[in-house]
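With positions in the sequence shown counted from 1, the corresponding number in the working numbering is that position plus 7. Yeah, the Cβ is synthetic: ideal placement off N, Cα and C, and Gly gets one too. Let me begin by presenting the structure, written as structure tokens, before commenting on it.
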Amino acid sequence: MNDTASVPSTFPLRVALELPAWLQDEIAGGVHAADAEAQVAFAIRLARRNVQERSGGPFGAAIFDGAGRLVAAGVNRVVPQNCSVAHAEVMAFMAAQAATGRFRLNDDGGRYTLATSAQPCAMCYGASIWAGIDEVLIGARAEDVMALSEFDEGPMPSDWVGELEKRGIRVQRDVLREAACDVFRLYSSGDGAAY
């Protein structure tokens, strides 16, 4: 059997991903979130809106600098972009890297925080190590995500928090956990489950 008929003879040399247009409304005028709760609340708000707008999955993430100013934000865009890596954290990392012109955000000596509505999956966990962040703030746990939705968060090291901390990345879990879980309940109820 010849499978070459299904393989395109050319492939794109440029790959682009887009965040939803409504994100501009959320960041208009700038976003300042001075503490962990405010930063995770912003990520949860993005996740909820992504479900309500039917523009992707129930995940939101944001990168803040040491002063609590928003550097970039992302939401899950896997289905609308036909791209398995278009997770909220990855989208936020890419947007922050484009905004700063650095693949390691903290190479400028600053401190950067990833605030995410849910614990990073196996892929986003790995991306967090190399993105140059100093702290991860997490809403829902992976077990919440898997219990409340059909998502498989993938295999993680048994001491994944310790592995991040060994690399200088502080982890704070369960920040507004119930509010984050509510987004998955909304998603699973069918009010936005198209993605």
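- Comparing C-alpha distances from Gly139 to each of Arg177, Asp42, Val22, Phe18 shows the shortest one belongs to Arg177.
- Put simply, the backbone Cα of Trp167 is about 17 Å away from that of Glu96.
- Shown here, Gly169 sits in a helix according to DSSP, grouped into three states.
- Its Cα nearest to that of Gly116, the residue Thr107 stands out among Ser124, Thr123, Thr107, Gly63.
- If you look at Ala45, you'll find it isn't in any beta strand (DSSP E); it sits in the alpha helix (DSSP H) that goes 43 to 59.
- When Arg148, Ala154, Ala40, Ala28 are compared, the shortest CA-CA separation from Arg76 is found for Ala40.
- Unbroken alpha helix (DSSP H) runs of no fewer than 4 residues, entirely contained in the stretch 64 to 113, are found at 85 to 88, 95 to 107, following chain order.
- Annotated three-state conformation of Ile140 is coil, per DSSP.
- For Ser16, the secondary structure class from DSSP, reduced to helix, strand or coil, is coil.
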